[in-house]
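See structure below.
Listed below in C-alpha coordinates is the structure:
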(Lines of atoms letter the chains of each structure in order from A and count residues from 1; the text may use other names and numbers.)
(Lines give C-alpha, C1' and ligand atoms only; values in the text may rest on other atoms or scores of the structure.)
Protein backbone atom coordinates (compact mmCIF):
# COMPACT_ATOMS: atom_id res chain seq x y z
CA UNK A 1 0.00 0.00 0.00
CA UNK A 2 2.84 2.34 0.92
CA UNK A 3 4.50 1.59 -2.41
CA UNK A 4 1.22 2.31 -4.21
CA UNK A 5 0.90 5.71 -2.47
CA UNK A 6 4.48 6.58 -3.39
CA UNK A 7 3.71 5.68 -6.98
CA UNK A 8 0.60 7.89 -7.01
CA UNK A 9 2.55 10.79 -5.50
CA UNK A 10 5.34 10.36 -8.01
CA UNK A 11 2.89 10.33 -10.90
CA UNK A 12 1.12 13.40 -9.54
CA UNK A 13 4.44 15.19 -9.14
CA UNK A 14 5.49 14.26 -12.67
CA UNK A 15 2.15 15.45 -14.04
CA UNK A 16 2.49 18.77 -12.19
CA UNK A 17 6.03 19.31 -13.50
CA UNK A 18 4.93 18.47 -17.04
CA UNK A 19 1.94 20.81 -16.78
CA UNK A 20 4.09 23.66 -15.47
CA UNK A 21 6.64 23.04 -18.22
CA UNK A 22 3.95 23.02 -20.90
CA UNK A 23 2.36 26.19 -19.53
CA UNK A 24 5.71 27.95 -19.37
CA UNK A 25 6.49 26.97 -22.94
CA UNK A 26 3.06 28.05 -24.19
CA UNK A 27 3.33 31.41 -22.42
CA UNK A 28 6.24 32.59 -24.58
CA UNK A 29 5.05 33.93 -27.92
CA UNK A 30 8.04 33.97 -30.26
CA UNK A 31 7.99 36.41 -33.20
CA UNK A 32 10.53 36.37 -36.03
CA UNK A 33 11.55 39.01 -38.56
CA UNK A 34 14.37 40.05 -40.84
CA UNK A 35 14.13 43.71 -39.85
CA UNK A 36 16.75 45.25 -37.59
CA UNK A 37 16.40 46.29 -33.97
CA UNK A 38 15.79 49.93 -34.85
CA UNK A 39 13.22 49.34 -37.59
CA UNK A 40 9.78 50.74 -36.83
CA UNK A 41 8.18 47.27 -36.93
CA UNK A 42 10.62 45.79 -34.41
CA UNK A 43 10.18 48.75 -32.10
CA UNK A 44 6.40 48.49 -32.31
CA UNK A 45 6.50 44.77 -31.52
CA UNK A 46 8.72 45.25 -28.50
CA UNK A 47 7.32 48.53 -27.19
CA UNK A 48 3.62 47.99 -27.90
CA UNK A 49 2.70 44.42 -28.81
CA UNK A 50 4.85 42.73 -26.16
CA UNK A 51 3.83 45.22 -23.45
CA UNK A 52 0.12 45.02 -24.28
CA UNK A 53 0.04 41.22 -24.49
CA UNK A 54 1.60 40.92 -21.06
CA UNK A 55 -0.69 43.62 -19.65
CA UNK A 56 -3.95 42.40 -21.19
CA UNK A 57 -3.31 38.73 -20.34
CA UNK A 58 -2.18 39.58 -16.81
CA UNK A 59 1.21 38.02 -17.52
CA UNK A 60 -0.15 34.71 -18.78
CA UNK A 61 1.65 35.33 -22.06
CA UNK A 62 4.92 37.08 -22.81
CA UNK A 63 6.41 38.02 -26.17
CA UNK A 64 9.96 37.46 -27.40
CA UNK A 65 10.95 39.30 -30.58
CA UNK A 66 13.75 37.85 -32.71
CA UNK A 67 14.89 40.46 -35.25
CA UNK A 68 17.80 40.44 -37.73
CA UNK A 69 16.79 37.05 -39.22
CA UNK A 70 17.79 35.30 -35.98
CA UNK A 71 15.19 32.60 -36.63
CA UNK A 72 16.13 32.10 -40.29
CA UNK A 73 15.37 33.59 -43.67
CA UNK A 74 11.97 35.17 -44.29
CA UNK A 75 10.34 32.14 -46.02
CA UNK A 76 11.51 29.91 -43.16
CA UNK A 77 10.01 32.24 -40.57
CA UNK A 78 6.69 32.28 -42.43
CA UNK A 79 6.69 28.47 -42.43
CA UNK A 80 7.60 28.41 -38.73
CA UNK A 81 4.55 30.54 -37.93
CA UNK A 82 2.37 28.52 -40.27
CA UNK A 83 3.33 25.26 -38.57
CA UNK A 84 3.19 26.69 -35.05
CA UNK A 85 6.91 26.22 -34.34
CA UNK A 86 6.94 29.93 -33.58
CA UNK A 87 3.96 32.10 -32.78
CA UNK A 88 4.28 34.70 -35.49
CA UNK A 89 6.22 36.60 -38.11
CA UNK A 90 6.30 40.15 -39.47
CA UNK A 91 7.87 40.46 -42.92
CA UNK A 92 7.11 41.98 -46.31
CA UNK A 93 3.93 40.80 -48.02
CA UNK A 94 6.18 39.42 -50.77
CA UNK A 95 7.18 36.50 -48.56
CA UNK A 96 3.59 35.27 -48.30
CA UNK A 97 3.14 34.80 -52.04
CA UNK A 98 3.72 31.04 -51.79
CA UNK A 99 0.94 30.70 -49.21
CA UNK A 100 -1.43 33.40 -50.44
CA UNK A 101 -0.60 34.32 -54.05
CA UNK A 102 -3.59 36.69 -54.13
CA UNK A 103 -1.69 39.17 -51.94
CA UNK A 104 0.56 39.72 -54.97
CA UNK A 105 -2.13 41.88 -56.57
CA UNK A 106 -1.19 44.63 -54.11
CA UNK A 107 2.43 44.57 -55.32
CA UNK A 108 1.79 46.09 -58.74
CA UNK A 109 3.91 49.15 -59.58
CA UNK A 110 2.78 52.77 -59.31
CA UNK A 111 -0.64 51.91 -57.90
CA UNK A 112 -0.60 53.92 -54.67
CA UNK A 113 0.10 57.65 -54.65
CA UNK A 114 0.36 57.93 -50.85
CA UNK A 115 0.26 55.83 -47.69
CA UNK A 116 -3.20 57.10 -46.70
CA UNK A 117 -4.78 55.62 -49.83
CA UNK A 118 -2.91 52.35 -49.32
CA UNK A 119 -4.17 51.86 -45.79
CA UNK A 120 -7.75 52.72 -46.70
CA UNK A 121 -7.52 49.73 -49.03
CA UNK A 122 -5.81 47.39 -46.56
CA UNK A 123 -8.12 48.41 -43.70
CA UNK A 124 -11.22 48.24 -45.89
CA UNK A 125 -13.25 45.43 -47.49
CA UNK A 126 -10.42 44.38 -49.80
CA UNK A 127 -7.99 43.86 -46.91
CA UNK A 128 -10.66 41.98 -44.99
CA UNK A 129 -11.15 39.73 -48.01
CA UNK A 130 -7.46 38.79 -47.89
CA UNK A 131 -7.50 37.65 -44.26
CA UNK A 132 -9.50 34.42 -44.69
CA UNK A 133 -7.07 33.39 -47.44
CA UNK A 134 -4.29 33.53 -44.85
CA UNK A 135 -6.39 31.65 -42.31
CA UNK A 136 -6.93 28.85 -44.82
CA UNK A 137 -3.13 28.45 -44.77
CA UNK A 138 -2.88 28.39 -40.99
CA UNK A 139 -2.08 32.07 -40.46
CA UNK A 140 -4.10 34.85 -38.81
CA UNK A 141 -3.30 38.40 -39.90
CA UNK A 142 -3.11 40.71 -36.89
CA UNK A 143 -2.12 43.74 -38.92
CA UNK A 144 -0.94 45.25 -42.18
CA UNK A 145 1.99 47.48 -41.21
CA UNK A 146 3.92 49.96 -43.32
CA UNK A 147 7.11 48.95 -45.06
CA UNK A 148 6.76 51.91 -47.40
CA UNK A 149 7.55 53.12 -50.88
CA UNK A 150 10.45 51.25 -52.41
CA UNK A 151 13.29 53.17 -54.10
CA UNK A 152 16.22 52.00 -56.22
CA UNK A 153 19.84 52.18 -55.06
CA UNK A 154 22.85 51.07 -57.08
CA UNK A 155 26.63 51.23 -57.36
CA UNK A 156 26.89 52.06 -61.08
CA UNK A 157 25.11 55.27 -62.11
CA UNK A 158 22.24 57.64 -61.37
CA UNK A 159 18.89 56.29 -62.53
CA UNK A 160 16.73 58.89 -64.28
CA UNK A 161 14.92 56.86 -66.94
CA UNK A 162 13.93 53.22 -67.55
CA UNK A 163 16.81 52.77 -70.00
CA UNK A 164 19.29 53.34 -67.15
CA UNK A 165 18.29 49.98 -65.69
CA UNK A 166 19.30 48.02 -68.81
CA UNK A 167 21.52 45.12 -67.77
CA UNK A 168 21.74 46.25 -64.14
CA UNK A 169 21.94 43.27 -61.78
CA UNK A 170 19.37 44.03 -59.11
CA UNK A 171 18.48 42.19 -55.91
CA UNK A 172 14.74 41.64 -55.44
CA UNK A 173 12.51 39.78 -53.05
CA UNK A 174 11.20 36.48 -54.35
CA UNK A 175 8.07 38.15 -55.65
CA UNK A 176 6.70 37.28 -59.13
CA UNK A 177 5.18 40.75 -59.64
CA UNK A 178 8.37 42.55 -58.63
CA UNK A 179 10.49 40.32 -60.86
CA UNK A 180 8.15 40.82 -63.84
CA UNK A 181 8.30 44.59 -63.30
CA UNK A 182 12.08 44.79 -63.41
CA UNK A 183 12.29 42.42 -66.35
CA UNK A 184 10.16 44.92 -68.26
CA UNK A 185 12.61 47.66 -67.27
CA UNK A 186 15.47 45.67 -68.79
CA UNK A 187 17.22 44.91 -65.51
CA UNK A 188 18.59 41.51 -64.51
CA UNK A 189 16.70 40.52 -61.32
CA UNK A 190 18.05 38.09 -58.74
CA UNK A 191 16.05 36.91 -55.71
CA UNK A 192 18.17 37.22 -52.57
CA UNK A 193 16.95 37.09 -48.97
CA UNK A 194 17.39 40.25 -46.91
CA UNK A 195 19.82 38.41 -44.61
CA UNK A 196 22.22 37.99 -47.57
CA UNK A 197 21.60 41.31 -49.31
CA UNK A 198 24.45 43.33 -47.78
CA UNK A 199 27.03 40.69 -48.68
CA UNK A 200 25.69 40.32 -52.23
CA UNK A 201 25.94 44.08 -52.81
CA UNK A 202 29.35 44.39 -51.16
CA UNK A 203 30.81 41.55 -53.19
CA UNK A 204 29.35 42.77 -56.49
CA UNK A 205 27.10 39.76 -56.94
CA UNK A 206 24.44 42.38 -57.72
CA UNK A 207 24.77 46.08 -58.52
CA UNK A 208 21.49 47.34 -57.16
CA UNK A 209 18.52 46.76 -54.91
CA UNK A 210 15.21 48.46 -54.09
CA UNK A 211 13.79 49.17 -50.65
CA UNK A 212 12.21 51.88 -48.53
CA UNK A 213 14.59 54.38 -46.94
CA UNK A 214 14.06 52.74 -43.55
CA UNK A 215 15.52 49.46 -44.81
CA UNK A 216 18.33 51.16 -46.75
CA UNK A 217 19.35 52.88 -43.52
CA UNK A 218 18.68 49.97 -41.16
CA UNK A 219 20.84 47.63 -43.27
CA UNK A 220 23.47 50.34 -43.83
CA UNK A 221 23.42 49.71 -47.56
CA UNK A 222 25.48 52.86 -48.11
CA UNK A 223 28.35 50.76 -46.75
CA UNK A 224 27.64 48.13 -49.42
CA UNK A 225 28.75 50.22 -52.42
CA UNK A 226 25.32 51.80 -52.94
CA UNK A 227 26.35 55.26 -54.18
CA UNK A 228 23.11 56.30 -55.89
CA UNK A 229 19.46 56.36 -54.87
CA UNK A 230 16.45 57.34 -57.00
CA UNK A 231 13.10 58.21 -55.44
CA UNK A 232 11.15 55.95 -57.79
CA UNK A 233 8.60 54.92 -55.16
CA UNK A 234 7.62 52.20 -57.62
CA UNK A 235 5.97 49.82 -55.13
CA UNK A 236 4.21 50.55 -51.86
CA UNK A 237 4.95 47.58 -49.65
CA UNK A 238 3.26 46.43 -46.46
CA UNK A 239 4.51 44.25 -43.65
CA UNK A 240 2.13 41.41 -42.90
CA UNK A 241 2.02 40.61 -39.19
CA UNK A 242 0.67 37.06 -39.11
CA UNK A 243 0.49 34.47 -36.33
CA UNK A 244 -0.16 30.77 -36.01
CA UNK A 245 -3.88 30.03 -36.22
CA UNK A 246 -3.37 26.82 -34.26
CA UNK A 247 -1.61 28.65 -31.42
CA UNK A 248 -4.14 31.48 -31.36
CA UNK A 249 -7.09 29.08 -31.38
CA UNK A 250 -5.57 27.16 -28.46
CA UNK A 251 -5.78 30.23 -26.20
CA UNK A 252 -8.73 31.08 -24.00
CA UNK A 253 -11.18 33.47 -25.63
CA UNK A 254 -10.03 36.22 -23.26
CA UNK A 255 -6.35 35.80 -24.13
CA UNK A 256 -7.07 35.44 -27.83
CA UNK A 257 -8.97 38.74 -27.86
CA UNK A 258 -6.16 40.35 -25.87
CA UNK A 259 -3.53 39.26 -28.41
CA UNK A 260 -5.67 40.47 -31.33
CA UNK A 261 -6.16 43.85 -29.64
CA UNK A 262 -2.43 44.13 -28.91
CA UNK A 263 -1.78 43.44 -32.60
CA UNK A 264 -4.20 46.18 -33.65
CA UNK A 265 -2.57 48.72 -31.36
CA UNK A 266 0.96 47.74 -32.42
CA UNK A 267 -0.01 48.07 -36.09
CA UNK A 268 -1.34 51.60 -35.62
CA UNK A 269 1.73 52.64 -33.65
CA UNK A 270 4.09 51.11 -36.22
CA UNK A 271 2.47 53.08 -39.02
CA UNK A 272 2.95 56.23 -36.99
CA UNK A 273 6.61 55.36 -36.35
CA UNK A 274 7.19 54.63 -40.05
CA UNK A 275 5.71 57.92 -41.24
CA UNK A 276 7.72 59.88 -38.69
CA UNK A 277 10.96 58.02 -39.48
CA UNK A 278 10.92 58.45 -43.27
CA UNK A 279 12.56 61.88 -43.51
CA UNK A 280 15.12 61.00 -40.85
CA UNK A 281 16.09 57.79 -42.62
CA UNK A 282 16.58 59.58 -45.93
CA UNK A 283 18.61 62.30 -44.21
CA UNK A 284 20.88 59.66 -42.67
CA UNK A 285 21.36 57.89 -46.01
CA UNK A 286 22.29 61.14 -47.76
CA UNK A 287 24.67 62.09 -44.93
CA UNK A 288 26.71 58.99 -45.87
CA UNK A 289 27.50 60.44 -49.30
CA UNK A 290 24.75 58.73 -51.29
CA UNK A 291 23.62 60.80 -54.28
CA UNK A 292 19.85 61.33 -54.54
CA UNK A 293 18.02 61.64 -57.87
CA UNK A 294 14.52 63.06 -57.63
CA UNK A 295 12.40 62.14 -60.63
CA UNK A 296 10.41 64.81 -62.42
CA UNK A 297 6.72 64.06 -63.11
CA UNK A 298 7.65 63.32 -66.74
CA UNK A 299 10.40 60.89 -65.72
CA UNK A 300 8.09 59.12 -63.28
CA UNK A 301 5.47 58.79 -66.00
CA UNK A 302 8.07 57.12 -68.24
CA UNK A 303 8.62 54.44 -65.58
CA UNK A 304 4.86 54.03 -65.16
CA UNK A 305 4.40 53.56 -68.90
CA UNK A 306 7.28 51.09 -69.16
CA UNK A 307 5.85 48.90 -66.39
CA UNK A 308 2.17 49.10 -67.42
CA UNK A 309 2.20 45.65 -69.14
CA UNK A 310 2.62 44.06 -65.69
CA UNK A 311 -1.11 44.56 -65.24
CA UNK A 312 -1.90 42.00 -67.93
CA UNK A 313 0.60 39.53 -66.49
CA UNK A 314 -0.96 39.81 -63.03
CA UNK A 315 -4.43 39.35 -64.54
CA UNK A 316 -3.29 36.16 -66.27
CA UNK A 317 -1.68 34.90 -63.06
CA UNK A 318 -4.28 35.88 -60.46
CA UNK A 319 -7.41 36.52 -62.49
CA UNK A 320 -8.91 39.65 -64.01
CA UNK A 321 -11.74 39.71 -61.46
CA UNK A 322 -9.36 40.01 -58.51
CA UNK A 323 -7.26 42.69 -60.23
CA UNK A 324 -10.32 44.73 -61.17
CA UNK A 325 -11.68 44.46 -57.63
CA UNK A 326 -8.39 45.67 -56.21
CA UNK A 327 -8.12 48.59 -58.64
CA UNK A 328 -11.72 49.60 -57.83
CA UNK A 329 -10.83 49.59 -54.13
CA UNK A 330 -7.85 51.84 -54.84
CA UNK A 331 -9.99 54.26 -56.85
CA UNK A 332 -12.60 54.37 -54.10
CA UNK A 333 -9.90 55.13 -51.50
CA UNK A 334 -8.50 58.15 -53.35
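Residue numbers (mature numbering (1 follows the signal peptide of the UniProt record, and there is no 0)): -26 to -1, 1 to 308.
All residues carry an ideal CB built from backbone N, CA and C; glycine is no exception.
- Rounded to the nearest whole angstrom, the C-alpha separation of residue 78 and residue 150 is 8 Å.
- C-alpha of residue 21 to C-alpha of residue 230: approximately 19 Å in a straight line.
- With respect to residue 156, residue 163 sits close: the two C-beta atoms are nearer than 8 Å.
- Taking every protein chain shown into account, the CB of residue 302 has fewer than 16 other CB atoms within 10 angstroms, so this residue is exposed.
- The beta-bridge partner set that DSSP reports for residue 213 consists of 66 and 119.
- In the DSSP assignment, no residue is bridged to residue 93.
- In this chain, the alpha helix (DSSP H) harbouring residue 187 covers 187 to 192.
- Between the C-alpha atoms of residue 81 and residue 223 there is a straight-line separation of about 30 Å.
- Secondary structure at residue 283: coil, using DSSP grouped into helix, strand and coil.
- Pairing residue 72 with residue 123, the inter-Cα distance amounts to about 22 Å.
- In this structure, residue 183 keeps its C-beta atom at 8 Å or more from the C-beta atom of residue 131.
- Around the beta carbon of residue 243, 16 or more other beta carbons sit within 10 angstroms, so the residue counts as buried.
- Where residue 6 is concerned, there is no enclosing alpha helix (DSSP H), although the beta strand (DSSP E) around it starts and stops at 2 to 6.
- In the three-state reduction of the DSSP assignment, residue 157 falls in the helix class.
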